[in-house]
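Asker: Sending over a structure as structure tokens; questions will come in a sec.
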Amino acid sequence: MHETGTVQRRQHDAGRPRLYAPEDEEEILLHFSEGPTISTNIVANRLGISQWKVWFTVHSNGLYPYHFTPVHVLHEGDPIRRVDFCRFRLHRDAEDPYFLKRILWTDNPNSTKMV
């Protein structure tokens with residue numbers, strides 16, 4: 002009553018009409034179920050609606066779009082090479098306690114600086 006001056010319930014659909022059809026929500030969710038890595042921009046362009054509407058629909062349905070970024074692909078011989086490296090590292094550390102301190106550790110995959 003304080004906000005509107007009446008005890009009647011507010012009409013939620015009163016005022017400015019919705020600019021999208023209810024089918025849009027189904028179409029949006031269908032796009033993400035078929036390809037969860039698709040961007041909200043691409044879906045918006047395909048459906049001819051705003052990117053904000055796509056984002057809002059996805060989030061209000063408890064979904065969070067993501068972009069898959071492959072970091073490392075495992076190949077057939079990789080497990081053996083990993084075990085070999087671990088053995089090398091253990092033996093090298095026993096021979097030279099400063100071995101790891103002389104390695105330049107970085108999270109930059111394109112680092113080319115030699116020390």
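Per this note's numbering, the very first residue in the sequence shown carries number 2; after that it's consecutive.
For glycine and all other residues, C-beta sits at the position ideal for the given N, C-alpha and C.
All values reported here derive from a predicted model rather than from experimental measurement.
#1: Counting contacts by CB-CB distance shorter than 7 angstroms, is Phe86 in contact with chain C?
#2: Helix, strand or coil for Val72, going by three-state DSSP, please let me know.
#3: From which residue to which residue does the alpha helix (DSSP H) around Phe86 run?
#4: If I measure Cβ to Cβ from Gly36 and keep anything under 6 angstroms in the same chain, skipping five residues before and after, which residues do I get?
#5: Applying the 10 Å Cβ sphere with the 16-neighbour rule, what's the burial state of His32?
#6: Any chance you could list the beta strand (DSSP E) runs of at least 3 consecutive residues sitting entirely within the segment 42 to 71, in chain order?
Answerer: Put simply:
#1: Although the question refers to chain C, the structure presented lacks it and comprises just one protein chain.
#2: Residue state, collapsed to three classes: coil.
#3: Run containing Phe86: 79 to 96, per the alpha helix (DSSP H) assignment.
#4: Contacts found: none.
#5: Buried is the label assigned to His32, since at least 16 other Cβ atoms lie within 10 Å of its Cβ.
#6: When DSSP assignments are scanned along the segment 42 to 71, no uninterrupted stretch of beta strand (DSSP E) that is 3 or more residues long falls wholly within it.
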